[in-house]
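Mapping the sequence shown onto numbering that gives the first Met the number 0, position 4 (from 1) lands on 3, and the numbers just tick up by one.
Ideal Cβ positions, reconstructed from N, Cα and C, are used throughout, including at glycine.
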Amino acid sequence: MSGHNIESHIKVYWNVFYALLAFTALTVGVTYIEFNSVFWTFFVGLSIACIKGYLVAAYFMHLNDETKTIYYLLGMTIFFLAVMMRMPLQWKNSAESSGENYLPYAIEDKATDGGYVEKTKSKNKKGDY
């Protein structure tokens with residue numbers, strides 16, 4: 000192996016390191032932005048995390064040179080992540096569409112300027128919950 004080949008790899012590692020530092024600073028900077036939407040907050044945060052994860056896996060773990068099996072497994076992981084991220088939204092939409100039986104776990108507490116409290120069931124006349 001020639002010295003030039005090692006030097007080129009070291010240069011790539013340093014560039015990836017600097018990119019990771021930049022994306023870490025971007026992650027910290029994004030925390031000061033109010034997105035007014037849970038979707039956009041998660042989307043931006045997970046997008047930055049995915050880019051950083053790709054850089055680590057591709058260059059430091061040498062997965063950039065692997066076979067198509069690695070990319071197939073990565074694609075399946077992304078697909079199942081999307082399914083799992085969608086499930087809570089589906090549950091909430093399903094519960095809200097059922098009408099008056101929908102009881103959120105936490106409700107807004109009007110007495111304490113918009114804080115949230117755990118919703119508990121009250122006893123009925125028979126003493127049951």
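- Excluding the 5 residues flanking it on each side, L19 has same chain C-beta neighbours closer than 8 Å at K51, L54, V55, in chain order.
- The closest CA to that of R85, considering only V37, K10, F16, is found on V37.
- Counting along the chain, the unbroken alpha helix (DSSP H) around Y53 starts and ends at 37-54.
- When secondary structure is reduced to three states using DSSP, H61 falls in the coil class, being assigned neither helix nor strand.
- Within its own chain, the residues whose Cβ lies closer than 8 Å to the Cβ of V29, once the five positions on either side in sequence are excluded, are V43, G44, I47, listed in chain order.
- If you check the CB distance, I69 and L80 do not come in under 7 Å.
- Rounded to the nearest whole angstrom, the C-alpha separation of N35 and V27 is 18 Å.
- Straight-line measurement puts the Cα of I32 at about 26 Å from the Cα of K91.
- Closest in alpha carbon position to A57, among F41, M75, F78, V11, is V11.
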